[in-house]
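Reminder that position 23 of the sequence shown reads as 350 in my numbering, one-by-one numbering, no gaps. Taking it in order: structure first as structure tokens, then the write-up.
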Amino acid sequence: MGKTVQVKVSYTDLLGTAETVNSSPTAVVTNVNDLPTGNVSITGTATQNQILTATNTLADADGLGTLNYQWQESDDNGVTWTDISGATNDTFALSQTQVGKNIQVKVSYTDELGTQETVNSSPTSLVYALLNNVPTGNVSITGTPKQNQILTATNTLADFDGLGMFNYQWQESSDNGVTWTDISEATNNTFTLSQAQVGKNIQVKVSYTDGQGTQETVNSSPTSVVTNVNDLPTGTVNITGTATQNQILTATNTLADVDGLGTLNYQWQESADNGVILPLQLPSQLLVTI
Numbered sequence: 328m329g330k331t332v333q334v335k336v337s338y339t340d341l342l343g344t345a346e347t348v349n350s351s352p353t354a355v356v357t358n359v360n361d362l363p364t365g366n367v368s369i370t371g372t373a374t375q376n377q378i379l380t381a382t383n384t385l386a387d388a389d390g391l392g393t394l395n396y397q398w399q400e401s402d403d404n405g406v407t408w409t410d411i412s413g414a415t416n417d418t419f420a421l422s423q424t425q426v427g428k429n430i431q432v433k434v435s436y437t438d439e440l441g442t443q444e445t446v447n448s449s450p451t452s453l454v455y456a457l458l459n460n461v462p463t464g465n466v467s468i469t470g471t472p473k474q475n476q477i478l479t480a481t482n483t484l485a486d487f488d489g490l491g492m493f494n495y496q497w498q499e500s501s502d503n504g505v506t507w508t509d510i511s512e513a514t515n516n517t518f519t520l521s522q523a524q525v526g527k528n529i530q531v532k533v534s535y536t537d538g539q540g541t542q543e544t545v546n547s548s549p550t551s552v553v554t555n556v557n558d559l560p561t562g563t564v565n566i567t568g569t570a571t572q573n574q575i576l577t578a579t580n581t582l583a584d585v586d587g588l589g590t591l592n593y594q595w596q597e598s599a600d601n602g603v604i605l606p607l608q609l610p611s612q613l614l615v616t617i
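Spelled out as structure tokens, the structure:
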């Protein structure tokens, strides 16, 4: 290749003389590219945080040039391949980004006759996730920690393993957050505070199963102590007895108060004008005399 060729024909004639005749030379012989032989292989385990190494048995009749490496990944079982940014050495450390993907390495070079050659390795199996990646971000509670108010759980969660569907569990603590108790049926992203939460701290627990099958849980910071809104008493106060001189009247009641009943105090009253009331300082029983 790169040379001219001629042919020399020689013979001895019948009178014993040696004769030689040369052909005209050809044009310079041009090259036909010779494809590389051998293969490119990947050694190492296709597992997160492991190192893969490209090895080869390449040969090229046109002469091997300097080998260049480009590692690639595929998330469609090898139908399409994408170059991994910066992965241009003969070794490559697998990260979370490659989990669930196939990996191959493309080796390229320019042979000594100027032809660009490329040989791909066989792909690896799907990269396995060795280590769980904990979620980043946080869970927050918006709203006022006050009886009858609505609290809402918000979050900025992210997970390299993939976020799953969020599950919510609101919790309460009566010991300043030392221990927490699930609030029955409080499993939405909003929660309405009731009398039962007054005087307690509230938090919300968000859980999900990530894309690699790991159960993850993130708790919000707790609220301040839930403050009370006055609840009016229910029930009635009644008078038993006969409204007759010398008879005893007794005050009875069916009172209840979700804020808690205190000690009952009594004040009997009288009216001489059909309901315009004047107070009497009397006990809970009244003796009417004339």
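C-beta: ideal position from N, C-alpha, C; glycine also.
Query                                                                                                                : Result
contact_flag[the region 457-469, the region 382-389] where n(CB pairs < 8 Å) is 3 or more                            : no
First through last residue of the beta strand (DSSP E) which encompasses residue 398                                 : 395-401
With 16 other Cβ atoms within 10 Å as the buried cut-off, status of residue 448                                      : buried
Closest by C-alpha distance to residue 460, when choosing among 539, 393, 478, 450                                   : 539
Within 8 Å, strictly: CB atoms of residue 565 and residue 579                                                        : yes
Cβ-based burial, residue 443 [other Cβ within 10 Å; buried from 16]                                                  : exposed
Sub-8 Å separation of residue 401 and residue 429 beta-carbons                                                       : yes
Distance between residue 493 and residue 380 (C-alpha atoms, nearest Å)                                              : 39 Å
Exposure of residue 426, with buried meaning 16 or more beta-carbon neighbours within 10 Å                           : buried
For residue 345 and residue 336, the rounded distance between their alpha carbons                                    : 11 Å
Inter-stretch contact (C-beta, 8 Å, three-pair minimum) for the region 523-533 and the region 487-504                : yes
Candidates 370, 348, 457, 524, of which the one nearest residue 475 by Cα                                            : 524
Cα-Cα separation, residue 416 to residue 396                                                                         : 6 Å
Neighbour-count burial assignment, residue 510, 16 or more Cβ in a 10 Å radius                                       : buried
Sequence-distant residues of the same chain with beta carbon closer than 6 Å to residue 338, five excluded per side  : 346
Span of the beta strand (DSSP E) around residue 487                                                                  : Run containing residue 487: none; DSSP gives neither H nor E here.
Coil, strand or helix - residue 374 by DSSP                                                                          : strand
Other residues of its chain near residue 617: CB distance less than 7 Å, five sequence neighbours each side excluded : With a pLDDT of 36 at residue 617, under the threshold of 50, the predicted position of this residue should be treated as unreliable, though the coordinate-derived value follows. 572, listed in sequence order.
Closest Cα partner of residue 552 within the set 589, 522, 558                                                       : 522
Exposed unless 16 or more other CB atoms sit within 10 angstroms - verdict on residue 480                            : buried
Simplified DSSP state of residue 524, which is helix, strand or coil                                                 : helix
Distance CB(residue 399)-CB(residue 455) smaller than 8 Å                                                            : no
Cβ-based burial, residue 508 [other Cβ within 10 Å; buried from 16]                                                  : exposed
Beta-carbon gap between residue 452 and residue 445 smaller than 8 Å                                                 : no
Local Cβ density within 10 Å of residue 600, reported as buried at 16 or more and exposed below that                 : exposed
Bridge partners - residue 532, DSSP secondary structure assignment                                                   : 496, 546
Identified DSSP bridge partners for residue 348                                                                      : 336
For residue 364, the three-state DSSP class (helix, strand or coil)                                                  : strand
Minimum C-alpha distance to residue 408 - residue among 433, 393, 515                                                : 433
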